[in-house]
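>
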Amino acid sequence: MAPLSDATTYGKVAPFGRAETEVSPAPTMSRAKSLAQLEAAEEAHANDPERADMLRRARIFKTGWLELAEALVRVRKSRSFAAWGYETFEDYTKKELRLRQETVDKLTGSFLFLKERAPDVMDRDGVTQKIPSYESVDFLRRAEERNDAPREVIDEIREKVLEHPVSMPTLSKHFAPRVFPPTDDERVAKEKVALKGAAERLRDVIAESRSAPLNAASELTMAIERFLAALEVGE
């Protein structure tokens, strides 16, 4: 699928399938140019370790996750990991980079999604225009893959991820129930976790209490233990 460059603008990403007429000003400096200047300054001040280190850290901060994700996609495609002694890409990322498979999948999936659907986001410098987190982009990617999600909700998620990035907890809180509703089994499992936690906290409070009636406290503690045991086996 070709990049949807006709449906995207600097600072404004059009919802899928709908042209965007409002065009925001382009960033004053591309991400690549900004990073190149930082790298040049770092080399120029190599004789001042502290100053060079500050420039290096600023460069890493600006690149964020995109640089790593781009490299992961490249190495997976070229199979460079084989020359490094690894049979699979998964082995390489796990054993050498110490990355979980779930993280690698989110990084590469989010990078390819942006490259195809919102390439202008990848040109942001990370300062004048914020780069969304890979978790947020992955959330949007998965949401757009669902055929049963309301179109207006997907458009709203795109706005919160690409135009005015919000934190992943905020995104999940407001949209996960609407696009990723839990199954009955997931709902039951969540309720069990909540019940177990509440029962264990009550048991601990009783055990530490100096004012609870001994007989009643003992009976209640045994009842809680029976409840926890039954909860464990699903009775």
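Taking the working numbering, the leading residue of the sequence shown gets 156, the next gets one more, and so forth. Glycine included, C-beta positions come from ideal geometry on N, C-alpha and C.
#1: Assuming PHE294 contacts LEU221 (C-beta within less than 8 Å), just tell me the rounded distance between them.
#2: Pull up the CB-CB distance for PHE382 and ALA354, whole angstroms please, since I reckon it's below 8 Å.
#3: Can you say whether GLN284 is buried or exposed, counting buried as having 16 or more other CB atoms within 10 angstroms of its CB?
#4: Can you tell me the Cβ-Cβ gap for VAL292 and VAL334, rounded? I've got them flagged as a contact below 8 Å.
#5: Short of 8 Å in beta carbon distance, which residues of its chain neighbour THR243, apart from the five on each side in sequence? Order them along the chain.
#6: Can you tell me the Cα-Cα spacing of MET323 and GLY219, whole angstroms?
#7: To which residues of the same chain is ALA385 closer than 7 Å at the C-beta, ignoring the five residues directly before and after it?
#8: Can you give me the Cβ contacts of THR183 inside the same chain, cut-off strictly under 6 Å, excluding the 5 residues immediately before and after it?
#9: Excluding five sequence neighbours on each side, which residues of the same chain lie with their C-beta closer than 7 Å to the C-beta of ARG206?
#10: Tell me the residue span of the alpha helix (DSSP H) that contains ALA237.
#11: Could you check the C-alpha separation between ASN302 and ARG272 for me, to the nearest Å?
#12: Roughly how many whole angstroms lie between the Cα atoms of PRO336 and LYS261?
#13: Keeping to the same chain, check which residues put their C-beta closer than 7 Å to that of LEU269; ignore five residues upstream and five downstream.
#14: Excluding the 5 residues preceding and the 5 following LEU326 in the sequence, name in chain order all residues of the same chain whose CB lies nearer than 8 Å to its CB.
#15: By Cβ distance below 7 Å, which residues in the same chain neighbour GLU245 in space, the five residues on each side in sequence not counted?
#16: According to DSSP, is PRO336 part of a helix, a strand, or is it coil?
#17: Closest by CA to TYR289, which one among GLY264, GLU299 and ALA298?
#18: Apply the 10 Å Cβ neighbour rule to VAL348 and answer buried if 16 or more other Cβ atoms are within range, or exposed otherwise.
#19: Quick check on the burial criterion: 16 or more other C-beta atoms within 10 angstroms. Buried or exposed for SER189?
#20: Return helix, strand or coil for TRP220, following the three-state DSSP convention.
#21: Since I believe ARG211 is in contact with GLU197 (beta carbons under 8 Å), could you give me their beta-carbon distance rounded to a whole number of angstroms?
Reading it off the structure:
#1: Incorrect: roughly 17 Å between the Cβ atoms, too far for contact.
#2: 6 Å
#3: buried
#4: Incorrect: roughly 15 Å between the Cβ atoms, too far for contact.
#5: PHE236
#6: 16 Å
#7: none
#8: Confidence is the limiting factor: at THR183 the pLDDT is only 41, short of 50, which leaves the residue's position unreliable, though a coordinate-based value still follows. Cβ within range, chain order: n/a, list empty.
#9: HIS200
#10: 235 to 238
#11: 17 Å
#12: 20 Å
#13: VAL276, MET277 and VAL292
#14: SER291, PHE294, ILE312, LYS315 and VAL316
#15: GLN256
#16: coil
#17: GLY264
#18: exposed
#19: buried
#20: helix
#21: 5 Å
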